[in-house]
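**Q** Below: one structure in structure tokens.
Numbering (my numbering), first residue to last: 639 to 990.
Take a look at the structure:
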């Protein structure tokens with residue numbers, strides 16, 4: 639795990655990159671918030687005008703000149719205020735050092751985004767239930783922020799994006815959330831993962847490849863080639879070239895339905911949910927009570943190795959169809975999407 643908040647990434651063609659930055663800032667920045675822009679030691683500003691920020695970016699962006707914006711946002715799900723940073727990198731910069739090309743970090747420190755402690759009642763504590771509460775407190779914000787970065791409007795200029803608790807844009811199946819503007823091309827997450835892991839390619843550099851080009855690159859690998867995977871069962875510790883090709887040949891609707899069917903909470907998570915809902919109800923009552931009133935409670939830290947391990951192994955998955963025709967796959971940032979994919983592929987008989 640990183641020491642900072644979750645990292646969000648988005649890809650789009652360079653000619654549309656500044657429009658994507660402008661749309662994301664409009665969806666993220668609290669109106670009137672002080673916003674800092676840095677492009678170089680001599681090109682920077684602090685202003686409460688997003689238009690002023692964008693005018694300076696448009697005047698200087700390109701070559702090795704990237705844009706770095708720092709401002710305040712309001713999380714819609716948890717209604718918390720938070721600092722965020724958003725960077726936009728030109729193609730030349732990405733070729734040398736792949737970072738983005740659009741990259742956002744939520745919070746300046748890890749505990750800015752993730753809950754450090756929660757109020758609990760006087761009964762026996764449950765690490766599992768408290769971890770489930772930690773999931774509920776951040777999961778809606780993860781999906782909301784990913785969409786505010788990738789799809790703040792109906793332009794469709796950003797075809798794909800992702801979120802992780804790590805520092806880099808990893809293979810999509812190793813991320814905690816992905817966005818695809820076209821659900822019919824969801825299999826590109828799997829192909830992109832294969833190409834990244836097998837050919838040691840930076841996802842930031844190849845995220846814009848067409849589905850056809852990715853398929854051709856998978857086909858070019860030797861028959862029987864495999865890449866190691868983490869977070870699956872003993873039967874899914876690797877991904878084969880043949881599995882990826884069969885998934886690419888599967889009707890998109892069938893693949894999406896299999897992912898939805900696989901996104902079912904496991905027994906351990908279902909067992910923890912009743913007490914988790916009791917804690918969430920306590921949180922609601924305390925939030926509505928006047929200061930010094932409300933049910934008795936004490937603050938419990940929820941960052942122990944046990945809490946983290948439960949989320950890594952049991953946090954549920956969410957397959958979200960968007961009205962735009964896109965799709966979001968998501969889980970808690972401590973987990974990856976590979977167990978969801980491996981279960982779906984296994985049920986379809988595609989694992990080999």
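A virtual CB, placed ideally from N, CA and C, is assigned to each residue, including glycine.
#1: Which residue's Cα is closest to the Cα of residue 749: 836, 772, 738?
#2: What does the Cβ neighbour count give for residue 952, buried or exposed, with the cut at 16 atoms within 10 Å?
#3: Taking the alpha helix (DSSP H) that residue 936 belongs to, which residues open and close that run?
#4: Could you pull out every residue in the same chain whose Cβ sits closer than 8 Å to the Cβ of residue 682, ignoring the five residues on either side in sequence?
#5: On the DSSP bridge list, what partners appear for residue 706?
#6: Taking the alpha helix (DSSP H) that residue 880 falls in, what are its first and last residues?
#7: For residue 939, I'd like the list of residues in its chain whose CB is within less than 7 Å of its CB, leaving aside the five on either flank, ordered along the chain.
#8: Helix, strand or coil for residue 860, going by three-state DSSP, please let me know.
#9: Please return the same chain residues whose Cβ sits closer than 7 Å to the Cβ of residue 881, not counting the five positions on each side in sequence.
#10: Is the beta carbon of residue 757 closer than 8 Å to that of residue 935?
#11: Give the range of the beta strand (DSSP E) segment to which residue 956 is assigned.
#12: Would you list the one or two residues that DSSP bridges to residue 865?
#13: Less than 8 Å separating the beta-carbons of residue 726 and residue 740?
#14: Is residue 853 helix, strand or coil by DSSP?
#15: What are the complete beta strand (DSSP E) segments, minimum 3 residues, inside the region 732-780?
#16: Among the candidates 916, 647, 746, whose CA atom is the shortest distance from the CA of residue 842?
#17: Taking DSSP as the reference, what is the three-state secondary structure of residue 907?
#18: Please return the same chain residues whose Cβ sits closer than 6 Å to the Cβ of residue 877, not counting the five positions on each side in sequence.
#19: Could you work out which residue in 729, 885, 684, 960 is closest to residue 831 when comparing CA atoms only?
#20: On the three-state DSSP scale, how would you describe residue 969?
#21: Considering residue 805, what are the terminal residues of the beta strand (DSSP E) in which it resides?
#22: Span of the beta strand (DSSP E) holding residue 962?
#23: Would you say residue 819 and residue 789 are within 8 Å of each other, going by their C-beta atoms?
#24: Going by DSSP in three states, residue 794 sits in which element: helix, strand or coil?
#25: Report buried or exposed for residue 924, applying the criterion of at least 16 other Cβ atoms within 10 angstroms of its Cβ.
#26: Using only the alpha-carbon positions, how far apart do residue 811 and residue 888 sit?
#27: Assuming residue 697 is part of the alpha helix (DSSP H), what are its boundary residues?
#28: Are three or more beta carbon pairs between the region 941-949 and the region 792-810 nearer than 8 Å?
#29: Given this structure, state the Cα-to-Cα distance separating residue 955 from residue 650, to the nearest angstrom.
#30: Applying the criterion that 16 or more other CB atoms from any shown protein chain within 10 Å of the CB defines a buried residue, is residue 639 buried or exposed?
#31: Just the C-alpha distance for residue 686 and residue 659, rounded to the nearest angstrom, thanks.
#32: Look up residue 684 in the DSSP assignment and give the residues it is bridged to.
#33: Looking only at its own chain, which residues have a Cβ that is under 6 Å from the Cβ of residue 921, when we skip the five neighbours before and after it?
#34: Give the straight-line distance between the Cα atoms of residue 644 and residue 958, rounded to the nearest whole angstrom.
**A** In terms of the structure at hand:
#1: 772
#2: buried
#3: Per DSSP, residue 936 belongs to no alpha helix (DSSP H); it is in the beta strand (DSSP E), 936-939.
#4: 674, 675, 676
#5: 676, 725
#6: 879-887
#7: 754, 755
#8: coil
#9: 983, 988, 989, 990
#10: yes
#11: 956-959
#12: 877
#13: yes
#14: helix
#15: 740-744, 755-758
#16: 647
#17: helix
#18: 865, 867
#19: 885
#20: coil
#21: Run containing residue 805: none; DSSP gives neither H nor E here.
#22: First-last for residue 962: undefined, no H or E at that position.
#23: yes
#24: coil
#25: exposed
#26: 18 Å
#27: 688-698
#28: no
#29: 26 Å
#30: Legend: pLDDT at residue 639 = 42, less than 50; position of this residue unreliable, value from coordinates given subsequently. Burial call: exposed.
#31: 17 Å
#32: 674
#33: none
#34: 20 Å
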